[in-house]
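See below for the structure under consideration.
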Amino acid sequence: MNEKKKAGESAEAGLVKAATFEEISHLRERNVLALKKAKESGRKVVGTYCLYSPTELIVAAGAIPVSLCGTSQTPIPAAEKVLPRALCPLIKSSYGFAITDTCPYFHFADLLLAETTCDGKKKMYELLGELKPLHLMQLPQVQDEAALDYWLIELKRLIRRLEAEFVVEITPQRLTEAIALLNGERRSLKALQDVCRRKPAPISGMDLLTVLHNRGFSVDKREAVELLDRLTAELLALSDRGISPFSANAPRVLLTGVPVGLGSDKVVRIVEECGGSVVCFESCGGYKKVDPVEESGDPLRSIAEKYLRIPCSCMSPNAGRMELVERLVQEFSVDAVIDLTWQGCHTYNIESFTLKKHLQGGVRMPFMQIETDYSESDSEQLKVRIEAFLEMVGGKQAKK
Ligand code: SF4
Ligand code: SF4
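Under our numbering, residues 100 to 499 are what the sequence shown spells out, in order.
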């Protein structure tokens, strides 16, 4: 079974990648130069590792936020000289880039921003703090009023650190402007991902992931928004003309679980090689990210509320993730859910049982959990499992 059109089958499908996609594909490399120039002109850079990082505060301090989450296998052997091998690859990759000084974005960072999420990450941050100035936010692991009050105190502590490090004043007006800017980016990211509600999706999951990954390195948020909006318009126009990399009956897959990016895209690639169409990423770089900050009321409290409600598995309980996945299954007309867990990630691994039970309570949505790492060692095995899963999903669809 292969529902993905073969390369060259539709000359027009290639147009999706022609202009704006190509431009975004090279954003990461281009932005290294932009970041270097910005540093030379006196701008400060703050490296972040998690969706809980309140980026508005960094922007309001006049600094540039860059994502430093490691998605590559390359620096992992270096990290394993210090960290346990059984640790999550995302943590090892992030640390490996830092100790080998092979990530230009880490290299340019003046300050690292970290949060106490999972055990592995927070202990790794203790080591990272020996390499660069690091500010650690104590993240509550429940989402109630008392936790919000505590989180607000943590946000104020971060404001004081940013003001002292960068000799700036973070005023309510600056926060309001930062909220508007980043909400604009979230709207554009949502609109781009929403093109995949169309059947068939006008962009492959791999290409969508490329865009979501690369825009995380944008130095100029307004430029990123303009690129995203242009790409969305192109994709909608292609879809209107019936152009897609997929056949209409390709199984539509929602990917949930741990963060994925270029370099840790093995499962996305295999799903699409096996004929599936990854139409929605629920994870941190995808739909979890597009929830906006409330634009009325006290800006700092609105920021605190937005970040505390992120439905990551380090929260206990984490009902928000169940609700989000269920909603996205409907909105993206999903045929199957794949829950990806990195080896060593206990929170997502255990929560997979809860998610499966939740999703299969009503409609019995086809569900598969995959536990893997960044290496290619299990690729063939995964291919066999995914192929069988998609065959089963295809069979179910045919019986409808
Ligand atoms: S999965 Fe959780 S800990 Fe990891 S980046 Fe996302 S919010 Fe942060
Ligand atoms: S994937 Fe899991 S173990 Fe890895 S950093 Fe995120 S929450 Fe921690």
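Note that the Cβ used here is the ideal one computed from N, Cα and C, for glycine as well.
Nearest to C168 by alpha-carbon distance, out of E381, L126, Y224 and H125, is Y224. For A279, the enclosing alpha helix (DSSP H) starts and ends at P271 to D293. According to the DSSP secondary-structure assignment, F466 is paired through a beta bridge with V436. Between the alpha carbons of E284 and S317 lies a distance of about 11 Å. Not one heavy atom of ligand 1 sits closer than 8 Å to the Cβ of I485.
Exclusion of G419 from the 8 Å shell around ligand 2 follows from its C-beta lying no nearer than that to any non-hydrogen atom of the ligand.
Excluding residues up to 5 positions away in sequence, V294, R297 and P301 lie with their Cβ nearer than 7 Å to the Cβ of S338 in the same chain. Between the beta-carbon of Q292 and that of M414 there is about 23 Å, and that puts the pair past the 8 Å contact cut. Shortest gap from the CB of K405 to any heavy atom of ligand 1: 8 Å or more. When DSSP states are grouped into helix, strand and coil, I163 belongs to the strand group. In this structure, K387 has its CB closer than 8 Å to one or more heavy atoms of ligand 1. Looking at M464, L212, V366 and N282, the one whose alpha-carbon comes closest to that of P391 is N282. At a cut-off of 8 Å, the beta-carbon of S382 counts as near ligand 1: some heavy atom of the ligand is closer than that.
For V131, same chain residues with a beta-carbon under 7 Å away, outside a window of 5 residues either side, are P203 in chain order.
Of the residues I163, K220, L354 and F196, the one whose Cα lies closest to the Cα of L186 is K220. Under the 8 Å Cβ criterion, the region 306-315 does not count as touching the region 179-199, having fewer than three qualifying pairs.
At least one heavy atom of ligand 2 lies closer than 8 Å to the C-beta of T446. For V378, same chain residues with a beta-carbon under 6 Å away, outside a window of 5 residues either side, are C295, A300, R351 and F431 in chain order.
Fewer than three beta-carbon pairs drawn from the region 446-459 and the region 471-479 are found closer than 8 Å, and the two stretches are therefore not classed as touching. The C-alpha of A347 lies about 47 Å from the C-alpha of I198.
One Cα belongs to R321, the other to R484, and the distance between them is close to 42 Å. If you draw a straight line from the Cα of L257 to the Cα of R184, it comes to about 32 Å. Contact annotation: L210 and K143 have beta-carbon atoms nearer than 9 Å. Residue environment: A160 is assigned as buried (16 or more neighbouring CB atoms within 10 Å of its CB, all protein chains considered).
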